[in-house]
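Using my numbering, you'd call the opening residue of the sequence shown number 1 and step up by one each time.
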Amino acid sequence: MKNILVITGLLICFLASGQNAKEEYNYSKRISMGCKMVVKDNAFGILDKEGELILPLEYEDIDFFSNGYVIVRKNKKNGLFSLSDKKIIIPIEYGDIEKLKKGKKGFRAYGRNYQVKEFSFEGKILKEYFSKCKYHNT
């Protein structure tokens, strides 16, 4: 009888601890590579597939972008986070980020004073130039 009570007590503790972990965040959504975007008190972060916080809860927004990359927003600026590398590969200082087109591999980021930078998938700057388009002046 004691064994049944002990096992029941352990089971209740185990279930309660799992329930608290789920309640730790206001919202969660699976995004890619087993990772989850989580929100707590209007701050966004990312958990890896083991449940470890790989991007702290300090971002205004997170958008799934492309093949294991997410756009992170902080102080009204955007950057790019690699889920596989678990790091920010494009600094959070751009108004807009888009994937390169026409067979090119990487991303284009639009910054202040019409500055445009093209980045590889690893975050290396491939090209820098200025755009005449006022839309991207952030």
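Heads up, the beta-carbon is just placed ideally off N, CA and C, and yes, glycines get one too. As the structure is a computational prediction, the values presented were derived from the model and not from experiment.
- From Phe121 to Ser28, what distance separates their C-alpha atoms? 26 Å
- To the nearest whole angstrom, what separates the beta carbons of Glu118 and Lys127, a pair I think is in contact under 8 Å? 4 Å
- How many Å lie between Lys105 and Lys124 at the Cα? 12 Å
- Could you round the C-beta distance between Val72 and Ile89 to whole angstroms and report it? I think they count as a contact, below 8 Å. Going by Cβ atoms, the distance from Val72 to Ile89 rounds to 11 Å, so no, they are not a contact pair.
- Query: Helix, strand or coil: how does DSSP classify Tyr25 here?
  - Reply: coil
- Which runs of the beta strand (DSSP E), 3 residues or longer, sit entirely within the segment 61–111? 61–66, 69–74, 77–82, 87–94, 96–99 and 107–110
- Message: Quick check on the DSSP output: the beta strand (DSSP E) that includes Gly123 runs from which residue to which?
- Response: Element bounds for Gly123: n/a, residue is neither H nor E.
- Buried or exposed (CB count within 10 angstroms, at least 16 for buried), Tyr129: exposed
- Message: Just to confirm, is the Cβ distance from Leu80 to Phe65 under 9 Å?
- Response: yes
- Item | C-alpha gap between Gly45 and Val38, whole angstroms | 5 Å
- Task: Below 6 Å CB to CB, which residues in the same chain sit around Lys86 once its five sequence neighbours on both sides are set aside?
- Result: Ile54
- Item | Where Arg108 falls, given that 16 or more other Cβ within 10 Å makes a residue buried | buried
- Message: Distance check for Asn78 and Glu98, CA to CA, integer angstroms please.
- Response: 11 Å
- In whole angstroms, what is the alpha-carbon distance linking Lys36 and Lys76? 22 Å
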